[in-house]
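Heads up: the sequence shown is residues -7 to 397, going by my numbering. All C-beta atoms, glycine included, are put in the ideal place defined by N, C-alpha and C. These numbers were taken from a predicted model, which means no experiment stands behind them. What follows is a set of notes on a single structure, which appears directly below.
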Amino acid sequence: MPFPYIARFREALAAIRREGRYRVFTDIVRARGNYPQADFHAQGAKRPVVVWCSNDYLGMGQHPKVLAAMHEAIDAAGAGSGGTRNISGTTHYHVELEAELAELHGKESALLFTSGFVSNDATLATLAKLLPGLVVFSDALNHASMIEGIRHGGMQKRIFRHSDMADLRRQLSETDPAAPKLIAFESVYSMDGDFAPVNAICDLAEEFGALTYIDEVHGVGLYGPRGAGVAAREGAMERIDIVEGTLAKAFGVMGGYIAASGELVDCIRSHAPGFIFTTSLAPTIAAGVLASVRHLKDSDVERETLMARAALLKRLLAEAGLPVMETPSHIVPVLVGEAALCKSVSDALLYEHGIYVQPVNFPTVPRGGERLRFTPSPLHSEAMLHELVRALDQVWTAHRLGRAA
Ligand code: PLP
């Protein structure tokens, strides 16, 4: 009797369907130069939608400077890089981008990866190999990429309650003072939109002799002088040992990186399989990111307009009695609290109102925390904000969902 492979796969899929969290991808094409407009493809037809859940927070993925740089690079250097960084895949675009990112964070060196996920996974796992006996203190809400990196490294892991400094202190004080330690946290938690207490974490790191590792994936480009992130805004950049970021969200393209001391970056470059044994980013990607980072170092208008739009959207939702979660950041989550309902609200917005917001379900958020996560950008007009709230209000009533007090 052969092993019932297909039956096992079907059972696994049926289980997530029963919970109402089977993922259905929404097939869109963003309209160049016309973001947040996109075409939604379904059943052989396409219809216009407004995208409300992209992490292209500043619309840089559509910025003329970025597109021009990518066109120029493809004309100059062709499509792919042709190799790993060590074997013909280091182009001048990569070298310049790493220098630009190191300068952005005031660090000696930076290192590119093919994604933010890979940068977290590869760096954390490799740190465990470089520092035998390493104990990692990981915030309870850390992203899956950090969790994977910590797991791959096989180091001892202690999870502290989300942004809870008393719990972090307790756990640090219970750990062998001689052991190497690292505190891993995010600057902006992307589902709840809250900021980490960066300086308080650095205080504890100094007191207990731990390295600090900050994931600024939802902070870079958006906060701090020149878009250097939340740690820079808090005046804590020098207190951070390793900054990790993405090139795919506020910078609008693709890829990830770390920035740190020359020695640390050189060690990761020399030891991390996730960096060494993979083809480097295409030159055109590096060129687009370089244009984006340079632009956002000089220009505040995108950041300022985004923050104004996010504040207005939160106010309009609250005025309509919709349960918008209070966040200090640019992220605007609206709680639904049940997976199938969340999907149904999202479908109604998409099919009846041309508004695209993906439902966020477990395991991205805890069960009961299912939500719609709206991400306004500077390119969402005020009229679009009003239209969104009007549509959500109608859908909310049709679903007999509760209103905020
Ligand atoms: N870290 C955090 C906190 C994230 O939210 C994400 C992606 O959503 C990543 C890392 C991975 O970044 P990337 O999308 O560049 O792989």
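At a cut-off of 3 residues, the continuous stretches assigned as beta strand (DSSP E) that sit fully inside the region 307 to 354 are 324 to 327. Of Gln350, Ala312, Ala340, Ile323, the smallest CA-CA separation from Val381 is found for Ala312. Glu208 and Ile250 have their C-alpha atoms some 10 Å from each other.
Within the region 25 to 87, complete alpha helix (DSSP H) segments of at least 4 residues are found at 56 to 69, given in chain order. Val349 has its alpha-carbon roughly 8 Å from the corresponding atom of Leu341. The closest CA to that of Leu103, considering only Leu256, Ala310, Asp339, is found on Leu256. Going by beta carbons, Ala65 and Tyr85 fall inside the 8 Å limit.
Residue environment: Tyr215 is assigned as buried (16 or more neighbouring CB atoms within 10 Å of its CB, all protein chains considered). Counted as a single uninterrupted DSSP element, the beta strand (DSSP E) harbouring Val235 occupies residues 234 to 238. Gly98 has its alpha-carbon roughly 25 Å from the corresponding atom of Gly51. In the displayed model, Arg218 falls within a helix according to three-state DSSP. Excluding sequence positions up to five before and after Met157, its CB lies within less than 7 Å of the CB of Pro189, Ala192, Leu196, all in the same chain and listed in chain order.
Looking from the CA of Thr118, the closest CA among Glu236, Asp131, Pro(-6), Ile142 belongs to Ile142.
In the displayed model, Glu178 falls within a strand according to three-state DSSP.
DSSP lists Val127, Ala202 as the beta-bridge partner residues of Lys173.
With distances taken between CA atoms, Pro56 lies nearest to Arg24 out of Ser46, Arg24, Arg39, Pro28. Scanning Asp19, Arg307, Ala132 for the CA closest to the CA of Arg39 turns up Asp19. Counting the other Cβ atoms within 10 Å of the Cβ of His287 gives 16 or more, which makes it buried. Checking the 7 Å criterion, the Cβ of Asp207 is within range of a heavy atom belonging to the ligand PLP.
Per the C-alpha coordinates, the member of Ser107, Glu92, Gly72 positioned closest to Glu100 is Glu92. For Ala102, the uninterrupted beta strand (DSSP E) run begins and ends at 101 to 105, by DSSP. Contact holds between the region 289 to 306 and the region 363 to 381, because three or more Cβ pairs, one in each stretch, are under 8 Å apart. For Tyr249, the pairing in a beta bridge is given by DSSP as Leu104, Gly237.
In this structure, DSSP gives Leu93 a helical state, which the three-state scheme calls helix.
A residue is called buried once 16 or more other Cβ atoms fall within 10 Å of its Cβ, and Leu314 is buried on that count. By the C-beta criterion, the region 198 to 207 is judged to be in contact with the region 177 to 188, since at least 3 inter-stretch pairs fall below 8 Å. Looking at Ile8, Arg22, Leu116, Ala68, the one whose alpha-carbon comes closest to that of Ser46 is Arg22. Under the DSSP definition of a beta bridge, Ile151 partners with Ser130.
For the 8 Å CB-CB criterion, Gly329 and Glu374 do not form a contact. Sequence-distant partners of Ser107 (beyond 5 residues in either direction) whose C-beta falls short of 8 Å from its own C-beta, in its chain, are Thr238, Ala240, Met246, Gly247, Gly248. The residues Ala331, Ala332, Lys335, in chain order, have a CB closer than 7 Å to that of Gly12 in the same chain once the five nearest residues on each side in sequence are set aside.
Partner residues in the beta bridge of Thr271, as assigned by DSSP, are Thr76. In this structure, the C-beta of Ala240 approaches the ligand PLP to less than 7 Å from one of its heavy atoms. In terms of side-chain proximity, the C-beta atom of Ser73 is found no nearer than 7 Å to any non-hydrogen atom of the ligand PLP. About 15 Å separates the beta carbon of Thr82 from that of Ile260, a gap too long to meet the 8 Å contact definition.
Ile79 counts as exposed, since fewer than 16 other beta carbons sit within 10 angstroms of its beta carbon.
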